[in-house]
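Chemist: Take the sequence shown: its letter number 263 is residue 582 in our numbering, and every next letter is one higher. Where is the CB? At the ideal position from N, CA and C, for every residue including glycine. Let me begin by handing over the structure; questions about it come next.
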Amino acid sequence: MSTAPPTATADLSATPTRMRHIVLGIAFLVAVLLYLHRFMLSYAEQFVREDLHLSDDQISWAQFAFFLAYALAQVPSGGLSDRFGSRWMLTLYILVWSGFTASMGLVAGFTGLLLVRAAVGLGQAGAYPTCAAVVRKWAPFGVRAFVSSVIALGGRVGGAIAPILVSLLIVGMVPPKTPESSLLQPGDLLNSEYVLEQLMLSQTPLVKATDEVLARQATAAIIYQQLSPQVPSLAPAVDTATRKFGDKPLPQASALSPESATALQQKLNAALNRPAWLTAEQARNLPVESEARRLWRKDSLDAAQQTRLNRLLLEAACPAGVRKVYANGWRPVMVLLGSLGLVAAGVWAWIVRDRPEQHPQANAAECDLITGGVPEDTREKSAFPWKAMLTSPSLWNLSISQLGTNIGWVFLVTLMPRYLRDVHLVPFEVRGMLASIPLWIGWFGMIAGGWATDWLTRKCGLRIGRSWPVGLSRFIGAAAFGLMLLYPPSTTGAIVLFAIVAFSTDFSSPPMWAYSQDVGGRHTAAILGWSNMWGNIGAAISPPLIDRVLGPDKNNWNGAFAIYAIAFFVAGVTGMFIDSTKKLESPGSSVA
């Protein structure tokens with residue numbers, strides 16, 4: 320046994336205490352917070368982009384900055400946890416990532432967002448490797464994979480509640496208390512000349528158009544009628560021969576003068592203060608936010624509610640030209656949710672210890688249960704097995720599998736909200752609900768994967784027990800992405816296929832964690848960090864890569880889904896060749 324004297328003095332025949340459950344339960348909650356903070360930006364992205372005047376490309380590079388920093392810091396942060404202990408290192412990691420998550424609410428532009436997201440990535444890099452080390456020290460060997468699945472499940476819980484929580488809080492932060500809270504402020508007309516052009520083009524009938532475009536045109540026509548006859552004089556004549564309602568903004572359109580832009584804002588505000596422009600029946604095909612539907616269901620509206628309803632109708636009629644009223648809510652949400660990290664760090668530092676025998680509430684019977692009666696190596700820690708790691712075909716196969724998986728999986732937590740908005744015209748609050756469904760389904764995959772790898776390991780050994788769940792699940796995910804190409808689905812069909820991707824991805828998380836514990840020994844955190852590094856390199860390159868594939872009009876989703884399917888297929892092939900029987904400890908050391 321270790322030379323460090325255990326704090327507990329209970330007889331081994333005593334009933335084991337349950338401190339391990341509390342420690343691992345806190346690790347689960349830390350994982351929830353980890354993913355909640357990680358993907359808050361994805362669900363507030365539309366409002367962040369409008370508020371900071373960013374392009375889709377710049378948002379993709381902000382995502383890239385997070386995942387690249389996260390990837391490159393995996394091994395160093397895992398090594399620091401192995402060296403200095405899980406208790407204080409994870410406390411530090413939580414404080415760093417949560418502090419910078421909260422500071423996102425203070426950024427003023429692209430550079431600030433890029434730096435903050437990179438700092439969040441650096442802080443989060445050590446979380447899962449450190450939790451893997453906690454599992455190795457606090458969970459009995461026979462249930463390590465299952466416990467790993469539960470902690471990884473915590474991340475998926477955080478990812479699943481993020482879209483719902485973020486959307487509800489953002490909307491809740493911008494209540495229609497007064498008419499002024501919904502009026503256009505300076506800068507709310509993102510493209511004033513485009514807004515005016517579209518209002519004027521609403522008077523020209525469209526020959527062929529979708530129901531959604533026709534509904535937006537009808538709404539714009541009603542808004543135009545609310546404006547004074549002097550409005551057309553604010554802009555040059557509209558070219559109705561080459562331009563029609565619903566066209567995208569011209570890259571080099573003639574800008575309105577500051578005086579004309581201000582005059583347009585004032586006239587639109589006067590119209591916003593009038594009674595509701597449309598009834599629910601008149602707007603049945605209009606992709607308006609859910610708040611508008613709720614307002615229509617009321618028996619009567621006060622002045623503030625009428626102005627809010629009209630503001631939402633204006634945003635639906637000219638989505639590319641008007642800053643969303645909800646853009647005022649994302650900053651306080653970042654600060655509020657980011658501050659939860661202070662609580663999490665305090666609880667972790669107060670309750671958790673690096674090893675069971677160091678904990679005053681864990682008795683000797685529990686320590687013996689965790690170690691399974693196998694003496695631990697009392698020699699000094701072996702050197703980090705760089706050579707064994709870099710020359711391991713099995714670890715390289717796992718790393719490539721992780722890279723390919725995350726190229727596709729990260730779509731679910733970065734670009735899926737944009738896909739639902741642009742292709743299926745899903746309103747913000749509903750988008751949050753739908754985006755969470757695949758991640759909820761992933762829960763079941765996580766639990767099933769933990770059970771399956773433990774069962775297969777008992778029946779078929781480590782080699783098959785760890786590799787088959789990884790490889791086969793990736794082929795299923797590749798098939799789901801492939802079906803997006805063959806049969807362009809409805810909104811419901813798309814969510815079902817994305818849920819299959821989430822289930823198959825999460826199914827393989829427990830065997831990958833268990834692999835790191837099987838082969839890593841004392842260096843479990845760093846080995847998990849190595850494979851996670853490659854996975855997050857895949858996650859880093861995916862957003863900017865797919866943004867290019869989508870093309871200038873950002874609508875080539877078939878090209879995106881083809882890349883995701885190929886990446887998952889490659890991940891499946893390499894996943895079939897990982898081998899947990901090949902230990903990575905340096906020669907002469909034993910695996911604890």
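Tell me the residue span of the alpha helix (DSSP H) that contains H743.
Modeler: That run of the alpha helix (DSSP H) goes 735-743.
Chemist: Decide yes or no for the touch test of the region 890-905 against the region 780-788: beta carbon pairs closer than 8 angstroms, at least 3 of them.
Modeler: These segments touch.
Chemist: Give a yes or no on whether the C-beta atoms belonging to T733 and A452 are separated by under 9 angstroms.
Modeler: No.
Chemist: Going by Cα to Cα distance, which pick from D687, L343, L348, G780 is closest to I480?
Modeler: The candidate whose alpha carbon is nearest that of I480 is L348.
Chemist: Taking Cβ to Cβ, would you say G912 is nearer than 9 angstroms to G768?
Modeler: Lying outside 320 to 911, the shown extent of the chain, residue 912 is not represented and no answer is given.
Chemist: So what does DSSP say about T328, is it helix, strand or coil?
Modeler: Reliability fails at T328, whose pLDDT of 45 lies under 50, so the model's placement of it is uncertain and no value is given.
Chemist: The alpha helix (DSSP H) that contains K706, what's its start and end?
Modeler: Element bounds for K706: 705-709.
Chemist: Quick one: using the 10 Å Cβ neighbour count with 16 as the cut-off for buried, is W849 buried or exposed?
Modeler: The residue in question, W849, is buried, as its Cβ has 16 or more Cβ neighbours within 10 Å.
Chemist: Does the beta-carbon of A427 have 16 or more other beta-carbons within 10 angstroms, so that it is buried, or is it exposed?
Modeler: Looking at its Cβ environment, which holds fewer than 16 other Cβ atoms inside 10 Å, A427 is exposed.
Chemist: Go to H356, then tell me how far its alpha helix (DSSP H) extends in each direction, as first and last residue.
Modeler: Looking at the DSSP string, the run of the alpha helix (DSSP H) that includes H356 is 338-357.
Chemist: Look at the alpha carbon of E699 and the alpha carbon of F460, and state the distance between them as a whole number of angstroms.
Modeler: The predicted model places E699 with a pLDDT of 45, which falls under 50 and marks its position as unreliable, so this point remains unresolved.
Chemist: N588 lies in the alpha helix (DSSP H); which residues open and close that run?
Modeler: Taken as a continuous stretch (DSSP letters only), the alpha helix (DSSP H) holding N588 covers 577-591.
Chemist: Would you kindly report the start and end of the unbroken alpha helix (DSSP H) that includes S547?
Modeler: First-last for S547: undefined, no H or E at that position.
Chemist: Contact defined as beta carbons within less than 8 angstroms: I believe Q517 pairs with L525. What is the distance between those atoms, to the nearest angstrom?
Modeler: Contact doesn't hold; Cβ gap of about 12 angstroms is too wide.
Chemist: In whole angstroms, what is the alpha-carbon distance linking T334 and V462?
Modeler: Near 19 angstroms, if we compare the C-alpha coordinates of V462 and T334.
Chemist: When the Cα atoms are used, what is the spatial distance from G727 to P871?
Modeler: Whole-angstrom Cα-Cα distance: 21 angstroms.
Chemist: So Y806 is in the alpha helix (DSSP H); what residue range does that whole segment cover?
Modeler: Counting along the chain, Y806 falls outside any alpha helix (DSSP H), and DSSP gives it neither H nor E.
Chemist: Under 9 angstroms, do V641 and I345 count as touching if we go by C-beta distance?
Modeler: Result no, Cβ atoms of V641 and I345 do not sit closer than 9 angstroms.
Chemist: Could you tell me if C779 is buried or exposed, where buried requires 16 or more neighbouring beta carbons within 10 angstroms of its beta carbon?
Modeler: Per the 10 Å Cβ criterion, exposed.
Chemist: Under 9 angstroms between the Cβ atoms of P675 and R402?
Modeler: Taking 9 angstroms as the Cβ cut-off, P675 and R402 do not qualify as a contacting pair.
Chemist: Could you tell me the alpha carbon to alpha carbon distance between S809 and A636, rounded to whole angstroms?
Modeler: Cα-Cα distance, rounded: 23 angstroms.
Chemist: Which one or two residues does DSSP pair with L912 in a beta bridge?
Modeler: Outside the displayed span of the chain (320 to 911) sits residue 912, for which this structure offers no information.
Chemist: Which residues in the same chain as G891 place their Cβ atom closer than 6 angstroms to its Cβ, once the five residues preceding and following it in sequence are excluded?
Modeler: Cβ neighbours of G891 beyond the five flanking positions: G790, R793, F794.
Chemist: What residues in its chain sit with their C-beta under 7 angstroms from that of M752, if we drop five residues either side in the sequence?
Modeler: Once the five neighbours on either side are set aside, the close Cβ partners of M752 are I483.
Chemist: Kindly indicate which three-state DSSP category F564 falls into: helix, strand or coil?
Modeler: If DSSP states are grouped into helix, strand and coil, F564 belongs with coil.
Chemist: Is V351 closer than 9 angstroms to M765 when the C-beta atoms are compared?
Modeler: No, these two residues do not count as a Cβ contact at 9 angstroms.
Chemist: If you draw a straight line from the alpha carbon of G440 to that of W715, how long is it in whole angstroms?
Modeler: Distance between the alpha carbons of G440 and W715: 23 angstroms.
Chemist: Determine the closest residue to A611 out of K706, K586, V749, Q585, with distance taken between C-alpha atoms.
Modeler: Per the Cα distances, V749.
Chemist: Only counting the same chain, and skipping five residues up and downstream in sequence, which positions put a Cβ closer than 6 angstroms to that of Q721?
Modeler: Same-chain partners within the cutoff: S850, W853, G854.
Chemist: Under a Cβ-count criterion, where at least 16 other Cβ atoms within 10 Å of its own Cβ denotes burial, should V394 be classed as buried or exposed?
Modeler: Looking at its Cβ environment, which holds 16 or more other Cβ atoms inside 10 Å, V394 is buried.
Chemist: Using only the alpha-carbon positions, how far apart do L802 and F887 sit?
Modeler: In a straight line, the C-alpha of L802 is about 13 angstroms away from that of F887.
Chemist: At a cut of 8 angstroms, does the region 558-569 reach the region 526-535 through at least three beta carbon pairs?
Modeler: A contact exists between the region 558-569 and the region 526-535.
Chemist: Residues in the same chain with beta-carbon distance under 8 angstroms from S501, minus the five sequence neighbours each way, listed in chain order, please.
Modeler: So the list reads P495, L591, A623, T626, R627, N629, R630, V644, once near-sequence residues are dropped.
Chemist: Just to check my reading of the structure: V490 and G648 have Cβ atoms closer than 8 angstroms, yes? What is that Cβ distance to the nearest angstrom?
Modeler: Right, the Cβ-Cβ distance comes to about 7 angstroms (below 8 angstroms), so this counts as a contact.
Chemist: Can you give, in chain order, each stretch of the alpha helix (DSSP H) that sits fully within the region 811-860 and has at least 4 residues?
Modeler: Runs of the alpha helix (DSSP H) inside the region 811-860: 828-839.
Chemist: Identify every run of the alpha helix (DSSP H) within the region 406-493, keeping only runs that are complete inside it and at least 4 residues long; order them along the chain.
Modeler: Those alpha helix (DSSP H) runs which fall completely within the region 406-493 and span 4+ residues are 429-443, 446-457, 463-491.
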